[in-house]
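Numbering (our numbering), first residue to last: 1105 to 2226. Virtual Cβ for every residue (Gly too), placed ideally from N, Cα, C. Below is one structure, written out as structure tokens; comments come after it.
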Amino acid sequence: MGDMANSSIEFHPKPQQQREMPHVGGFGCTLAELRNLMELRGAEALQKIQEAYGDVSGLCRRLKTSPTEGLADNTNDLEKRRQIYGQNFIPPKQPKTFLQLVWEALQDVTLIILEVAAIVSLGLSFYAPPGEESEACGNVSGGAEDEGEAEAGWIEGAAILLSVICVVLVTAFNDWSKEKQFRGLQSRIEQEQKFTVIRNGQLLQVPVAALVVGDIAQVKYGDLLPADGVLIQGNDLKIDESSLTGESDHVRKSADKDPMLLSGTHVMEGSGRMVVTAVGVNSQTGIIFTLLGAGGEEEEKKDKKGKQQDGAMDSSQTRAKKQDGAVAMEMQPLKSAEGGEMEEREKKKANVPKKEKSVLQGKLTKLAVQIGKAGLVMSAITVIILVLYFVIETFVVDGRVWLAECTPVYVQYFVKFFIIGVTVLVVAVPEGLPLAVTISLAYSVKKMMKDNNLVRHLDACETMGNATAICSDKTGTLTTNRMTVVQSYLGDTHYKEIPAPSALTPKILDLLVHAISINSAYTTKILPPEKEGALPRQVGNKTECALLGFVLDLKRDFQPVREQIPEDKLYKVYTFNSVRKSMSTVIRMPDGGFRLFSKGASEILLKKCTNILNSNGELRGFRPRDRDDMVKKIIEPMACDGLRTICIAYRDFSAIQEPDWDNENEVVGELTCIAVVGIEDPVRPEVPEAIRKCQRAGITVRMVTGDNINTARAIAAKCGIIHPGEDFLCLEGKEFNRRIRNEKGEIEQERLDKVWPKLRVLARSSPTDKHTLVKGIIDSTTGEQRQVVAVTGDGTNDGPALKKADVGFAMGIAGTDVAKEASDIILTDDNFTSIVKAVMWGRNVYDSISKFLQFQLTVNVVAVIVAFTGACITQDSPLKAVQMLWVNLIMDTFASLALATEPPTESLLLRKPYGRDKPLISRTMMKNILGHAVYQLTIIFTLLFVGELFFDIDSGRNAPLHSPPSEHYTIIFNTFVMMQLFNEINARKIHGERNVFDGIFSNPIFCTIVLGTFGIQIVIVQFGGKPFSCSPLSTEQWLWCLFVGVGELVWGQVIATIPTSQLKCLKEAGHGPGKDEMTDEELAEGEEEIDHAERELRRGQILWFRGLNRIQTQVCWGGKKC
1105 MGDMANSSIE FHPKPQQQRE MPHVGGFGCT LAELRNLMEL RGAEALQKIQ
1155 EAYGDVSGLC RRLKTSPTEG LADNTNDLEK RRQIYGQNFI PPKQPKTFLQ
1205 LVWEALQDVT LIILEVAAIV SLGLSFYAPP GEESEACGNV SGGAEDEGEA
1255 EAGWIEGAAI LLSVICVVLV TAFNDWSKEK QFRGLQSRIE QEQKFTVIRN
1305 GQLLQVPVAA LVVGDIAQVK YGDLLPADGV LIQGNDLKID ESSLTGESDH
1355 VRKSADKDPM LLSGTHVMEG SGRMVVTAVG VNSQTGIIFT LLGAGGEEEE
1405 KKDKKGKQQD GAMDSSQTRA KKQDGAVAME MQPLKSAEGG EMEEREKKKA
1455 NVPKKEKSVL QGKLTKLAVQ IGKAGLVMSA ITVIILVLYF VIETFVVDGR
1505 VWLAECTPVY VQYFVKFFII GVTVLVVAVP EGLPLAVTIS LAYSVKKMMK
1555 DNNLVRHLDA CETMGNATAI CSDKTGTLTT NRMTVVQSYL GDTHYKEIPA
1605 PSALTPKILD LLVHAISINS AYTTKILPPE KEGALPRQVG NKTECALLGF
1655 VLDLKRDFQP VREQIPEDKL YKVYTFNSVR KSMSTVIRMP DGGFRLFSKG
1705 ASEILLKKCT NILNSNGELR GFRPRDRDDM VKKIIEPMAC DGLRTICIAY
1755 RDFSAIQEPD WDNENEVVGE LTCIAVVGIE DPVRPEVPEA IRKCQRAGIT
1805 VRMVTGDNIN TARAIAAKCG IIHPGEDFLC LEGKEFNRRI RNEKGEIEQE
1855 RLDKVWPKLR VLARSSPTDK HTLVKGIIDS TTGEQRQVVA VTGDGTNDGP
1905 ALKKADVGFA MGIAGTDVAK EASDIILTDD NFTSIVKAVM WGRNVYDSIS
1955 KFLQFQLTVN VVAVIVAFTG ACITQDSPLK AVQMLWVNLI MDTFASLALA
2005 TEPPTESLLL RKPYGRDKPL ISRTMMKNIL GHAVYQLTII FTLLFVGELF
2055 FDIDSGRNAP LHSPPSEHYT IIFNTFVMMQ LFNEINARKI HGERNVFDGI
2105 FSNPIFCTIV LGTFGIQIVI VQFGGKPFSC SPLSTEQWLW CLFVGVGELV
2155 WGQVIATIPT SQLKCLKEAG HGPGKDEMTD EELAEGEEEI DHAERELRRG
2205 QILWFRGLNR IQTQVCWGGK KC
């Protein structure tokens, strides 16, 4: 029959080319055939397989693979398969080239204004008007006695253009390196993604990219399928295909009804084996990707035509989106940094409210708008005053007439005024800020890798610093996840240690060994230790490993039992899930009857037991009263020792009538209890200390676990989550739901608010309970500020809670792919202490930004006031446009590098979280900013108006156009830079600490940058000449500049002495966006919509928006208004 089915393939009307080459490379299936096959579903697919191949094993034969042994691990064969059927890899979208990034950086409004001004200035400097020599045009050429100097007028314009080019290159380079980092992270995640396949009869973990067509892959609960395949054998397999079909219902898969498994779908229940039939671009997800890639490019072209006028805005939007794509899709095993996928997601999510911006971003945007507006006003006033003063003085006071030949001369003056105005604006807007945020986050993310935190969403890193609550799993996070059976109840006896095999009746021992060996995943096993003297290696589910270890401790072996009854001989499997809290397996007995083995949480399974084995291995009735007795005398004492209790039971069915296997409640009932075992999972030694640090840092740690309440309470006490004598709650899931729901069964926030503040342990909880708790804490309005919640999860069903939380941590080792995909940070070592490190890094990011702000705003305040007043009083800014650009852009870039890369210290954990509403600029910082500004302004104005007398040099005030640089103004510029350099050291501390040098050598970047900036400043002053408007200074003048600079450190100590509490007049700045500013409509608008604060930016400083958008704007499912 099989041959008939195989031969029938010849008679199917097929496209010509396929008939000619049915055996490419010796395989019985072409790529196109397999692709067509995978597009079919259900009965249609089954029919096609039967017609073309006979059955699935026929397909395996055609693909030259064995359903049980898998492929031979032969490099040539694998390579050949890759060449014919493709690799399991979807090529990423081309990254933007450096030139594209340069072009994007050039779209900056401020830079464009400067470029235009510089070009006009250049053009005018080359144009020598005929009336230049005449007296009629005023004292225009007063300083141009030296012919060479007059011709050097082009230098300023050229220098501005040069600095603009510098800025653009720095920005583009930053974007480029960031893109590179994302791709690096991407590929690292892709390499870490492994999948279990059978090769040469051995189970192997291979990287997802190494899968080939013909591989036999093991599919289990929580997997994200990395390729398309056909199911060979499955147990109770349910798949979530919503990522492909949009249908949220789980699809039941079985070899005889619907065997088609598709890449990108999630295994929600059960296990099985499949033969891989399509990989990479030929898989269903790959095909969609290819289409999206093409579609994305077409849309971009359309966008370009339609939105030319809004270019700057758009480029920032698309860039943010691309990076979102990169980050949001990172956990997909095949996915690359692909923006297209996001488009698809966004279409789906058009009706979902967007997640609000991260706390820091909201505050920064708001502050940016305020500063931008102030800068615009200041620059406008400067230009108006300069123009009016010039016009009044020239045409009113001197009574001149505007002559046609003088027009170019006057225009040159106006251009100079315009450049001064733009310079004020450039200095007022701290472009270094977005850069500081980016650098700080990128640096933190890189370093957090070393602390076992793999950050998937950049802003999670900073949100973690504001965390006020952590809801942690118990198993594997707080405990070591190396489980062992330490107590047992067998044959009416409670053993506190492992019993000797001789002490047990052979019947009990035999049943126990079979029940454990057969009724656990065959992928779970215990392997010999890798090194001499080490512990045996546990592979697979750790609870099952503990039970298999118990079998080995009883001097028996589970492997022979499994060989006798291989996995495909199992008649029916009810796999473990969070609702059942048990697992059952049915096997066929030699007499035609059936035997069901079951294991699960003791209090749940014991309710289903009607018999128990006595010491002779005979059945004895087990009534509810006996059960209560057993719970009191056996289970509770075990649980109070912190042990998890598991019940092992069985049931026999006669051969006469086969039960209805789909009626699970009937089947898994009337059981006979074989044993109850107590499994120990010791607390990780470093956890109690880590939890103490969290509590000291103002973070409440709650434990959410599926274990019973006594075990959970015992572990919580060992960890230090609960302390005797404190007022706390430990609840079970049922009781928790009873307290928070009203008569109709609906959750009420008021009821929840009475429970959660004291709740420390939630036991026997379902994933829904976890989600309810997280949502309840986030939505609560009882405290002064909204709580920021971090959650850990490892199971598929933890997805909703991980998504809902402000920061979701997935377990890197025990976590399922589904959990990792829903998370923001992956703990590569599954250890709670890594969460504490994440808190430290998060707080450090926040502090780094504050340090930079403190430094930056001092520079800005001083530079703006100096430029403004200088321009108004002396018709010329003491700090020239090029000098301003050096101070503003180059020093900002360096300072952001220096201050944003400060390493975190333990002292960060000694304060409470800042919270969402705390302003970015605290009163202490405001005191520092204004205090240092006063010192710097006093010095600069003193130098400006009496400096020439003090140093006995010519005055630089009221110099005519194109006059040579004066020593006077060079000293002002140099002093200004020296003061900034020393103030950068002051800016390292933002909480009013006195020792600003504390830990300075632990940050080599900082030291290098300060010294480097100093070195460049010497070069600029001594050799900068005309382009930098500098004149070389003598050693004495240099020493005076340095002396004034060092005065900053002394002045810093004076400021630190003034108590902040006395300065009630100081306002804080940079509050988070208030609730009233964000309407529901705005929140519901899609990700493209720019919120209130950013719409303001459109008018003034698009630059700001661009900078902030470089930081990830994350889309989230359940992002309700907080």
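Could you check the C-alpha separation between serine 1540 and valine 1271 for me, to the nearest Å? In the sequence under discussion, the amino acid at residue 1540 is alanine, which differs from the serine named in the question. Cα to Cα, the separation comes out at about 15 Å.
Note down, in chain order, each residue of its chain lying with its Cβ closer than 6 Å to the Cβ of methionine 1693, except the 5 sequence neighbours on either side. Arg1699
State the CB to CB distance for the pair valine 1519 and valine 1224, rounded to an integer number of angstroms; the pair is presumed to be in contact (CB under 8 Å). 5 Å
With a threshold of 6 Å on Cβ separation, who are the neighbours of threonine 1937 within its own chain once the five nearest residues in sequence on each side are excluded? Glu1790 and Ala1794
Give the C-beta separation of alanine 1905 and proline 1871 to the nearest angstrom, bearing in mind that I take them to be a contact with Cβ-Cβ under 8 Å. 7 Å
Among Ile2120, Val1481 and Leu1652, whose alpha-carbon lies nearest the alpha-carbon of proline 1532? Correcting the residue identity first, residue 1532 is alanine in this sequence and not proline. Closest by alpha carbon: Val1481.
Which stretch, first to last residue, makes up the beta strand (DSSP E) that contains phenylalanine 1913? 1911-1915
From which residue to which residue does the beta strand (DSSP E) around lysine 1676 run? 1676-1678
Just to confirm my understanding: we take glycine 1102, look at its own chain, exclude 5 residues before and 5 after, and list those with CB closer than 7 Å. What are they? There is simply no residue 1102 to check, as the chain begins at 1105 and stops at 2226 in what is shown.
Among all the DSSP beta bridges, which residues are the ones paired with phenylalanine 1757? Phe1698
Closest by CA to valine 2148, which one among Met2082, Phe2118, Pro2163 and Leu2167? Met2082
Using a threshold of 8 Å, state whether the C-beta atoms of isoleucine 1622 and phenylalanine 1701 are closer than that. yes
Does the beta-carbon distance from serine 1548 to tryptophan 1945 come in below 8 Å? yes
Identify, in the order they occur along the chain, each residue of the same chain with its Cβ nearer than 8 Å to the Cβ of tyrosine 1754, setting aside the five sequence neighbours on each side. Leu1615, Ala1619, Arg1699, Leu1700, Phe1701, Ser1702, Leu1775, Thr1776 and Ile1778
Could you check whether glutamate 1345 and threonine 1369 sit closer than 8 Å to each other, using their CB atoms as the reference points? yes
First and last residue of the uninterrupted beta strand (DSSP E) at glutamine 1642: 1641-1643
Using DSSP's beta-bridge definition, name the partner residues of histidine 1598. Tyr1593
Helix, strand or coil at asparagine 1557 [DSSP, three-state]: strand
Per DSSP, proline 1804 is paired with what? A small fix is needed here, since residue 1804 is threonine in this sequence, not proline. DSSP, once it has assigned bridges, lists Ala1573 as partnering threonine 1804.
Reduced DSSP secondary structure (H/G/I, E/B, other) of proline 1311: strand
From alanine 1149 to aspartate 1902, what does the alpha carbon distance come to, in whole angstroms? 33 Å
Which residue from Thr1997, Ile1760, His2072 and Asp2021 puts its Cα closest to that of leucine 1273? Thr1997
In three-state DSSP terms, what is serine 2026? coil
Contacting residues, own chain, Cβ-Cβ under 8 Å from leucine 2003 (five flanking each side not counted): Ala1540, Ser1952, Lys1955, Phe1956, Phe1959, Glu2088, Ala2091, Arg2092 and Phe2110
Opposite histidine 1370 in the DSSP bridges: which residues? Leu1328 and Asp1344
Counted within 10 angstroms of its Cβ, other Cβ atoms place glycine 1073 as buried (16 or more) or exposed: Residue 1073 falls outside the range modelled here, since the chain spans only 1105 to 2226, and no answer is possible.
What residue range does the beta strand (DSSP E) around valine 1780 cover? 1775-1784
Please report the Cβ distance between cysteine 1085 and arginine 1845, rounded to the nearest whole angstrom; I am assuming they are in contact, meaning their Cβ atoms lie under 8 Å. Outside the shown range of the chain (1105 to 2226) lies residue 1085, about which nothing can therefore be said.
Pop quiz: tyrosine 2227 and leucine 1468 are said to be a contact at Cβ under 8 Å. What is the actual Cβ separation, rounded to whole angstroms? Examination of residue 2227 is not possible in this model, given that the chain is present from 1105 through 2226 alone.
Integer-rounded CB distance, given that tyrosine 1189 should sit under 8 Å from valine 1383: 7 Å
Measuring alpha carbon to alpha carbon, tell me which residue in Gln1191, Phe1277, Val1220 and Glu1143 is nearest phenylalanine 1202. Phe1277
Looking at C-beta atoms only, is the number of pairs between the stretch 2023-2039 and the stretch 2141-2158 that lie closer than 8 Å three or more? yes
With 16 as the cutoff for other CB atoms within 10 Å, does threonine 1689 come out buried or exposed? buried
Exposed or buried, which one is alanine 1975 when buried takes at least 16 other CB atoms within 10 Å? buried
Please report how far the alpha carbon of valine 1310 lies from the alpha carbon of methionine 1364, in whole angstroms. 22 Å
Candidates Ser1170, Ala1136, Trp1280 and Lys1184, of which the one nearest valine 1206 by Cα: Trp1280
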